[in-house]
Amino acid sequence: MTICLVTDRRRLGAALGIGPADWIPLLERQVVAAAESGVDLVQIREPDLDSRTLFGLLSRLVASCRKTGTRLLLNERVDIALAAGASGVHLRETSLSCQAARRLAPAGFLIGRSIHRAGPIAAHSGADYLIAGTVCSSPSKPGATLLGWEGLSAVVAAAAGKPVLGIGGLDLPSIPLLAGCGVSGLAAIGAFIPSAGEDIHVFVQKRVIEMRLAFDSRRSVP
0 MTICLVTDRR RLGAALGIGP ADWIPLLERQ VVAAAESGVD LVQIREPDLD
50 SRTLFGLLSR LVASCRKTGT RLLLNERVDI ALAAGASGVH LRETSLSCQA
100 ARRLAPAGFL IGRSIHRAGP IAAHSGADYL IAGTVCSSPS KPGATLLGWE
150 GLSAVVAAAA GKPVLGIGGL DLPSIPLLAG CGVSGLAAIG AFIPSAGEDI
200 HVFVQKRVIE MRLAFDSRRS VP
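Read left to right, the sequence shown gives residues 0 to 221 (numbering that gives the first Met the number 0).
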């Protein structure tokens, strides 16, 4: 099963009571900890950062995670992802087409797409994987229309074998329900954010391992 950490330095810093000046170094510690524990994907999702800062952040993370098996993806910015040597890009449902992104990218460049319902899947046939949500209520998407478990199952069915990750309010207790929907894994923000006072490196590594074990125990679930 695929486990994907999605970053949100603002939410991470707020949870740990850390000021804005230290948000980026904190995010880097979170990502490196996840990579060292074997997380499959990390989606760098920091849309308010300017291009120079985003390029610097991604370049440092690519260097830090190079010896791991983790693939780093940048949200939306194909140009910066390519320049920094990232493994791929993750696109919003309504942004650049997967086909257009593919024309810009080298072989093996991973392209993901967010979707919110089963209907438009055929339009995203060029994606390597889909992230479907918002499944359950989440602080990251207040007021979002929820996909729910039935909606997630419908997306998996419509994807016809293309990998689908669930996102939105998901954590360890969600894994049996996710497995029952037939997903290929999960993507999460909050599940990788510790409480104030917890060591971020220890917490993230423990969480990745716990998720991996929980998914492995459900392998027989269709």
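For each residue, glycine too, the CB sits at the ideal point set by N, CA and C.
Mapping the DSSP letters down to three states, classify residue i as helix, strand or coil.
i	result
Val-154	helix
Thr-1	strand
Gly-18	coil
His-123	helix
Ile-23	helix
Leu-164	strand
Leu-129	strand
Val-38	coil
Leu-169	coil
Ala-112	The residue you asked about is not Ala; residue 112 is Arg in the sequence shown. Looking at Arg-112 - three-state DSSP - the assignment turns out to be strand.
Ser-219	Unreliable positioning characterises Ser-219 in this predicted model, as indicated by a pLDDT of 42, which lies under 50. A coordinate reading is not provided.
Using C-beta distances below 6 angstroms, list every residue in its chain close to residue i, excluding the 5 sequence neighbours before and after it, in chain order.
i	result
Gly-167	Gly-132, Thr-133, Val-134, Cys-135 and Ser-137
Val-30	Val-41 and Leu-60
Ile-114	Glu-92, Leu-129 and Ala-131
Gly-84	Val-61
Residue range of the beta strand (DSSP E) that residue i falls in?
i	result
His-89	87-90
Ala-186	184-187
Excluding the 5 residues preceding and the 5 following residue i in the sequence, name in chain order all residues of the same chain whose CB lies nearer than 7 angstroms to its CB.
i	result
Arg-206	Ala-190 and Phe-191
Asp-127	Leu-109, Ile-110 and Gly-111
Gln-204	Ala-32, Glu-35 and Ser-36
Ile-79	Ser-50, Leu-53, Phe-54, Leu-57 and Leu-73
Ala-158	Ile-120 and Leu-129
What do you reckon, is the C-beta of residue i under 6 angstroms from a heavy atom of the ligand SAM?
i	result
Leu-151	You won't find the ligand SAM in this model; it holds no ligand whatsoever.
Am I right that residue i and residue j are in contact with their C-beta atoms under 8 angstroms? What's the rounded C-beta distance?
i	j	result
Leu-177	Leu-171	Not really, about 10 angstroms apart at Cβ, beyond 8 angstroms.
Ala-100	Val-77	5 angstroms
Gly-184	Ile-2	6 angstroms
Leu-71	Ile-43	7 angstroms
Leu-4	Ala-195	Contact doesn't hold; Cβ gap of about 20 angstroms is too wide.
In the DSSP assignment, the alpha helix (DSSP H) including residue i goes from what residue to what residue?
i	result
Leu-177	174-180
Ala-99	97-103
Ile-227	Past the boundaries of the shown model lies residue 227; the chain is included only from 0 to 221, so the question cannot be answered.
Arg-234	The structure shown does not extend to residue 234, since the chain is modelled only from 0 to 221, so the question has no answer here.
Spatial neighbours of residue i within its chain, please: C-beta separation below 8 angstroms, excluding the five flanking residues on both sides.
i	result
Arg-8	Trp-22, Ile-23, Leu-25, Leu-26 and Glu-45
Gly-12	Gly-18, Pro-19, Asp-21, Trp-22 and Leu-25
Notebook entry, point to check: Taking only runs of the alpha helix (DSSP H) that begin and end inside the segment 50-89, which ones reach a length of at least 4 residues, in chain order?
Noted result: The qualifying runs are 50-64 and 77-83.
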